[in-house]
Structure formats: structure tokens, C-alpha cells
Amino acid sequence: MYTSVTTLSLVGLKGREIRAEADMSEGLPVFEMVGFLGGEVKEARERVRTALKNSGFLLPPKRITVNLSPADIKKSGTSYDLAVAISLLKLLGIISEDAADDMVVIGELGLSGEILPVRGVLPMLIEAKQLGYDHCIVPFDNMAEASAVDGMDAVGVRSLKEVETYFDTGSAPKYEDTDTGRSSDRTYDVDFSEVNGQETVKRALEIAAAGMHNILLVGPPGSGKTMLAKRLPTILPDPDMDEILEVTKIYSVAGQLKEGQGLIYTRPFVAPHHTVSSAAMAGGGTIPRPGLCSLAHRGVLFLDELPEFSRSTLEILRQPMEDKEVNIARAAAGYTFPADFLLCAAMNPCKCGYFPDRSKCRCTDADVQKYLGRISGPLLDRIDICVEASRIEYKDINLKGESESSESIRKRVKRASEIQRMRYEGSGIRFNSDIGVRDIDRYCHLGKKEEQLMRDAFEKLGMSARAYHRMIRVARTIADLDGSDKIECSHLSEAVAFRNIDRRYWNG
Ligand SMILES: Nc1ncnc2c1ncn2[C@@H]1O[C@H](COP(=O)(O)OP(=O)(O)OP(=O)(O)O)[C@@H](O)[C@H]1O
Ligand SMILES: [Mg+2]
Numbered sequence: 016m017y018t019s020v021t022t023l024s025l026v027g028l029k030g031r032e033i034r035a036e037a038d039m040s041e042g043l044p045v046f047e048m049v050g051f052l053g054g055e056v057k058e059a060r061e062r063v064r065t066a067l068k069n070s071g072f073l074l075p076p077k078r079i080t081v082n083l084s085p086a087d088i089k090k091s092g093t094s095y096d097l098a099v100a101i102s103l104l105k106l107l108g109i110i111s112e113d114a115a116d117d118m119v120v121i122g123e124l125g126l127s128g129e130i131l132p133v134r135g136v137l138p139m140l141i142e143a144k145q146l147g148y149d150h151c152i153v154p155f156d157n158m159a160e161a162s163a164v165d166g167m168d169a170v171g172v173r174s175l176k177e178v179e180t181y182f183d184t185g186s187a188p189k190y191e192d193t194d195t196g197r198s199s200d201r202t203y204d205v206d207f208s209e210v211n212g213q214e215t216v217k218r219a220l221e222i223a224a225a226g227m228h229n230i231l232l233v234g235p236p237g238s239g240k241t242m243l244a245k246r247l248p249t250i251l252p253d254p255d256m257d258e259i260l261e262v263t264k265i266y267s268v269a270g271q272l273k274e275g276q277g278l279i280y281t282r283p284f285v286a287p288h289h290t291v292s293s294a295a296m297a298g299g300g301t302i303p304r305p306g307l308c309s310l311a312h313r314g315v316l317f318l319d320e321l322p323e324f325s326r327s328t329l330e331i332l333r334q335p336m337e338d339k340e341v342n343i344a345r346a347a348a349g350y351t352f353p354a355d356f357l358l359c360a361a362m363n364p365c366k367c368g369y370f371p372d373r374s375k376c377r378c379t380d381a382d383v384q385k386y387l388g389r390i391s392g393p394l395l396d397r398i399d400i401c402v403e404a405s406r407i408e409y410k411d412i413n414l415k416g417e418s419e420s421s422e423s424i425r426k427r428v429k430r431a432s433e434i435q436r437m438r439y440e441g442s443g444i445r446f447n448s449d450i451g452v453r454d455i456d457r458y459c460h461l462g463k464k465e466e467q468l469m470r471d472a473f474e475k476l477g478m479s480a481r482a483y484h485r486m487i488r489v490a491r492t493i494a495d496l497d498g499s500d501k502i503e504c505s506h507l508s509e510a511v512a513f514r515n516i517d518r519r520y521w522n523g
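Have a look at this one:
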């Protein structure tokens, strides 16, 4: 006799269909599991056997074989337990032979027969939907995630007994959707109105948010760099549904969705400490999980005190910043996680922090160069906007609530992002920072006057081609914020000014 139940496996962020087959025959009483199994899956045998016993279902003293197919995919994780158990319940005749035939089943078993939540339910169910399934059984604690998948009818269960009841009577534990993250009137603990002065930095952050441009803040201690960067999330454009799903998939696979959380409706803000390892940044492990770069996907990766990060950690960022994804090679398979983030970095210009204010800076020129040299050229080359936070002036210290609020800035950012959404419809581009070199002329056409201005700037500043293209993209965003279809000289001049600042520090 033979039974089978469909479940899924995860390779990176993608689900793959897996069949849990069970067979019972006469012979010496054994219970074995085969099918290219990783360590945790081998242990499933004990978990499933004990869970069945403790739920009152005894395996007969026969030869029972469970196979997870196809055999070319290495099975890892604990999410196959429930499918194996249901396959066995069918084999024992406890539930009907055709039970769960049109469903996918996901879940881990505890020894008592309880069903525990697993990682990656969202990407697995999205894949199941594409394969044509519209029913599933998942752990009750994963219901928030499961109900986020459109057109998928999910049954949440807490124990094997509840599974039996469900197939007997069709009744399942009631789940009430309490996901409240959807509300669009989000509130933040911080606001730009708390920051006095620093208008240039605020303007730079507004441009960065509107076009999702990488940005570097440089300035002396106490000038408010950290304070300003932490307010960047309050002005980011709202993510669309595709982006929301992409982000939630990553957090689901990383096991980082909060309890009861369905979809993640806000752009992530990831701010690792500078002691973070390069492996944590990129992701990895025997069964690779997304790293911090991927957790920042479609949001912000904030690196405060940039030169304090180890060289290897910073170097590892180069590939994702170029390709917008992280590739991790493993013997069993290659894994790819998306990593398209806005890099926001902050730093002091030297060790004591006061360069170029020579009345305060105690560093020698060589010290300053050494400090700045920790940021490699190629990394610097991928930063679109560089801005100086200067020491706050006396007249700005005691302004109370006179600065513009995040909400008011966000309105402009939203308008600019809508202009981009319309312009790039169907092109695969989302924000101006994504425009490839080939498309620059198409989307950022310059008139005669404007071209002359850029030619002069190019020659005067000794720009690289990459720097030139970056400036044009930033100018495109500035024009969008201005509601102007055409890129004007004023837009270009502002973009050029933002690049001039890093020349002051890095090019002498
Ligand atoms: N523009 C400002 N408006 C209001 N408060 C400010 C401003 N700038 C600095 N502060 C105050 O100074 C504190 C220190 O600022 P912050 O930590 O952001 O400085 P920083 O530039 O990151 O310094 P460091 O280089 O030492 O990291 C803030 O918590 C805030 O209380
Ligand atoms: Mg700081």
C-alpha cells in the first residue's frame, strides 16, 4: 500500500514541490526515511514516530518506508514533518485515502503531536499557488503569513489531533486576521521636525529617498548625522505590493517575521553595528539564509561610522550594490537572495572628527588620508550623493518645532516616486537610481545648454564616467521633485554640488 502528500522545499527564496510518499509492506518491523535528507530531516523519523504515538496513533510492526522525492534536491529544515505524518495517517487508514490530495502541507512536529511554525511559509505558498494549488494546511502560528497569499485557502492546525478532526468533520480552528500593519497612517517615533537647521542635509536625504540614491553624510561629532539618518525611514516612498511581497518573503525565510505578522508594509531600515562580520552582512550558513544586505532589500542599509567597519565587510557590499542581489555558492545548489537597498552611510572626516576645521583637528594630513582611505574608491564610486553636516550654529540650537515635518517632506517624495512609477511602467526600472547606462539618454535627455554645463563640469572636475552618470540620475530625481519633465541647468548644478563634496575629502 502506498500514499503520498505534497509539500514544498525552499531553495534560497524559491519553493520547490516535494512529495512525501509512504509505503507499508510485510517484513521486519522498521521505519525508514530516504530521499537525499539533511541532518534535521533524518531526525524527522523520530519526531514523526513519537508525535504519532503521543497522539494515539500507533504504527503497526511492519516495514514502513518514507521517501521525499525528487531525490535530486537536498532536503533541509523541519517543514516536511507534517506532510510525512499525514501520509502515514492515510496509510494507517485513520484518515481517508484521498485526504489532502489537492493540498500542500507544511509544518514541523513536536514530540507531543503539536504542530510548530516554520520559516519560509510565504514563498512556499506563493510557489504552490503558481503550481496550481489553492488549498493548504499550515501551522496555526503561520496563519498570518498564509492568509497573505491571494487565492490560497489556508487551514491552520495546532496538533495532529486537529488534523484528524479536520479530515473527519471539515472543521478547523478559527483564525482571525489581526494583522494591523496595513494602515497607511503609520506613525514613527522620530520626525524631521526635531532636527534644527541642517537644511542641505535634509534636502540631500529627501533627494536620496525620492530616487533611492545611495548617500554619504560626512561631518564633525555631534552635528546630527546619526539623528538625521535615523529619520530617513519617515520620508521613504511607500512600497508597492510586489515590493511588500519581496520583503516579506525574505523575512519569512530568515525566520524574522514577528508573531502574528502577515505582510511587511514598510520599507526595512537595517542598521548593523560596525563590528558586524562579512558573513552576517552577505548571508550564509550551511543552509544559506539572507544576510543583512538582503534584509535591507527595498529599504535602507544604514552604516553609521563607516570607516570603523572592517575592510572585508565593506568590500562584500560591492557585488550586491552592483548586481542588486547576493549569490552564495554551495555544493548542493547556488543560492541567490535579492539585495537592492539604499545605502546610507555616516562618518567623521578624520579620527578626531574635526577635519577640515584646523583650529580643532589634531590629525596630521597623513592621518586624515589614512582615515579617509578606509573607504575604498570603488565603494565611494557607488555613492550618488555626498553631503556635509556642518557644526550646528547657535541661532539654530533653540528653534522649537519650526522645522518642516517628515509628513510634509514625504508628500513631495511620494509625488516624485509616482512620476517615476509612471515613467518606468513595464521597463523593470523602479527608481531613477536603477537607470542603466544604456537608458540614460532615453530617460535623462539633456538640452544644448544643459549638455554644455555638464561638459564643463566633467572637464573641470576630472570626473569618471561613472560619476558623470550618477550625477545625471540624481539630476533626474531633482527634476522629478520639481515636477519638471525636462532636466534643467539648476537641477544639474545641484547634483554636481553634491558630488563636489567628496572630492574635497578624497581627491585633495
Ligand atoms: N541639528 C540638530 N538639531 C537638534 N539636535 C541636534 C542637532 N544636531 C545634533 N543634535 C543633538 O546632538 C545629539 C548628537 O547628534 P548625533 O549623534 O546625531 O551626532 P553625530 O553627527 O552622529 O555625531 P558622531 O560623529 O559623534 O556620531 C543628538 O542626539 C541631538 O540631541
Ligand atoms: Mg553618529
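Per our numbering, residue 16 is the first one in the sequence shown, and the count goes up by one each step. Cβ atoms here follow ideal geometry from the backbone N, Cα and C, with glycine treated the same way. Owing to the predicted nature of the structure, the values given are computational and were not obtained by experimental measurement.
Taking 7 Å as the line, does the beta carbon of V315 fall inside it for any heavy atom of ligand 1?
Proximity of the beta carbon of V315 to ligand 1 is not indicated: no heavy atom of the ligand is located closer than 7 Å.
ask   = Mind checking whether M227 and S499 have CB atoms under 8 Å apart?
value = Against a cut-off of 8 Å, the Cβ pair of S499 and M227 comes out as no contact.
Cβ distance (whole Å) where V99 is taken to contact A35 below 8 Å
That pair is a contact at about 5 Å.
*Spatial neighbours of E440 within its chain, please: CB distance less than 8 Å, with the 5 preceding and 5 following residues excluded, ordered by chain position.*
Only residues of its own chain outside the window of five on either side were considered, and among them none has a CB closer than 8 Å to the CB of E440.
Checklist line | Cα-Cα separation between E169 and H150, rounded to whole angstroms | finding: Per the sequence shown, the amino acid found at residue 169 is Ala instead of Glu. Between A169 and H150, the C-alpha separation is close to 6 Å.
**Asked** CB of I390 to nearest heavy atom of ligand 1: below 7 Å?
**Response** Checking the Cβ of I390 against ligand 1 gives no.
So, is P224 buried or exposed, given that buried needs 16 or more other C-beta atoms within 10 angstroms? Per the sequence shown, the amino acid found at residue 224 is Ala instead of Pro. Here A224 is buried. Its C-beta has 16 or more other C-beta atoms within 10 Å.
Heavy atoms of ligand 2 versus C-beta positions, residues under 7 Å = Those residues placing their Cβ nearer than 7 Å to any heavy atom of ligand 2 are, following chain order, K240, T241, D319, E320 and A361.
Less than 8 Å between the C-beta atoms of R62 and D96, yes or no?
Between R62 and D96, the C-beta gap is smaller than 8 Å, which places the two residues in contact.
Next on the checklist: For the pair the segment 260-275 and the segment 382-395, tell me if three or more CB-CB distances fall below 8 Å.
Outcome noted: The answer is no - the segment 382-395 does not touch the segment 260-275, with fewer than three Cβ pairs under 8 Å.
- Just to check, is the beta-carbon of A494 closer than 7 Å to a non-hydrogen atom of ligand 1? It does not: the Cβ of A494 is nowhere closer than 7 Å to a heavy atom of ligand 1.
Alpha carbon to alpha carbon, what distance is there between A354 and G277? Distance between the alpha carbons of G277 and A354: 21 Å.
* To do: Measure the alpha-carbon distance for V402 versus L137 and round it to whole angstroms.
  => Spanning the two alpha carbons is a distance of roughly 39 Å.
- prompt: Quick one, which of A115, M118, G166 and G171 has its alpha-carbon nearest I130's?
  reply: Ranking A115, M118, G166 and G171 by Cα distance to I130 puts G171 first.
Check your understanding: Just to check, is the beta-carbon of A404 closer than 7 Å to a non-hydrogen atom of ligand 1?
Key -> Yes; taking the cut-off as 7 Å, the Cβ of A404 has a heavy atom of ligand 1 nearer than that.
**Prompt:** So what does DSSP say about K240, is it helix, strand or coil?
**Reply:** Note: K240 maps to helix in three-state DSSP.
| task | Please name the residue in K366, S24 and V291 whose C-alpha comes closest to that of V119. | result | From the listed residues K366, S24 and V291, the smallest Cα separation to V119 is found for S24.
| said: Just to confirm my understanding: we take A295, look at its own chain, exclude 5 residues before and 5 after, and list those with CB closer than 8 Å. What are they? | reply: Same-chain partners within the cutoff: P287, G306 and L307.
Exercise. Rounded to whole angstroms, what's the CA-CA distance from E509 to A490? Just pull it up for me.
Key: Taking the straight line joining both Cα atoms gives about 7 Å.
Query - For F207 and S418, believed in contact at Cβ under 8 Å, the rounded distance - result: That belief holds up - the Cβ atoms of S418 and F207 are roughly 6 Å apart, short of 8 Å.
- [ ] Find out if the Cβ-Cβ distance for the pair S70, L243 is shorter than 8 Å.
- [x] Cβ atoms of S70 and L243: not closer than 8 Å.
Q | P132 beta carbon less than 8 Å from that of D156 | A | Taking 8 Å as the Cβ cut-off, D156 and P132 qualify as a contacting pair.
Point to revise | Other residues of its chain near R397: CB distance less than 7 Å, five sequence neighbours each side excluded | key: Within the same chain, R397 has close Cβ partners N229 and M336.
| Buried or exposed (CB count within 10 angstroms, at least 16 for buried), G523 | Per-residue confidence for G523 stands at a pLDDT of 44, beneath the threshold of 50, marking its modelled position as unreliable; the derived number appears in the next sentence. By the 10 Å Cβ count, G523 comes out exposed.
Helix, strand or coil: which one does DSSP assign to D206?
When secondary structure is reduced to three states using DSSP, D206 falls in the coil class, being assigned neither helix nor strand.
| Which same chain residues, not among the five before or five after Q334, have their C-beta less than 6 Å away from its C-beta? | Closer than 6 Å at the Cβ level, and outside the excluded window around Q334, lies no residue.
Cβ contact check for the segment 310-319 and the segment 348-367: 3 or more pairs under 8 Å: The answer is yes - the segment 348-367 touches the segment 310-319, with three or more Cβ pairs under 8 Å.
Any heavy atom of ligand 1 inside 7 Å of the beta-carbon of S421?
Incorrect: S421 has no Cβ contact closer than 7 Å to ligand 1.
message: Taking only three categories from DSSP, how would you classify G226?
response: Of the three classes helix, strand and coil, the one that applies to G226 here is helix, per DSSP.
### Query
S84 and I250 look like a contact to me (Cβ under 8 Å); what is the Cβ gap, rounded to whole Å?
With a beta-carbon spacing of about 50 Å, S84 and I250 fall beyond the 8 Å limit used to define contacts.
- Where the beta strand (DSSP E) through A295 begins and ends: First-last for A295: S293 to A297, but that is the alpha helix (DSSP H), not the beta strand (DSSP E).
Item to complete: Could you tell me whether any non-hydrogen atom of ligand 1 is closer than 7 Å to the CB of I407?
Response: Indeed, a heavy atom of ligand 1 lies less than 7 Å from the Cβ.
V178 versus R31: straight-line alpha-carbon distance, rounded:
Their backbone Cα atoms lie some 24 Å apart in a straight line.
**OP:** Quick one: grab the DSSP three-state call for G523.
**Re:** Unreliable placement is indicated for G523, whose pLDDT of 44 sits below 50; the coordinate value is still reported in the next sentence. Of the three classes helix, strand and coil, the one that applies to G523 here is coil, per DSSP.
* To do: Pull up the distance between the alpha-carbon of D113 and that of A37, whole angstroms please.
  => Straight through space, the alpha carbons of A37 and D113 are spaced by roughly 14 Å.
Next on the checklist: Looking at ligand 1, does it come within less than 7 Å of S102, judged from the CB to the closest heavy atom?
Outcome noted: For S102, the Cβ stays outside the 7 Å cut-off from all heavy atoms of ligand 1.
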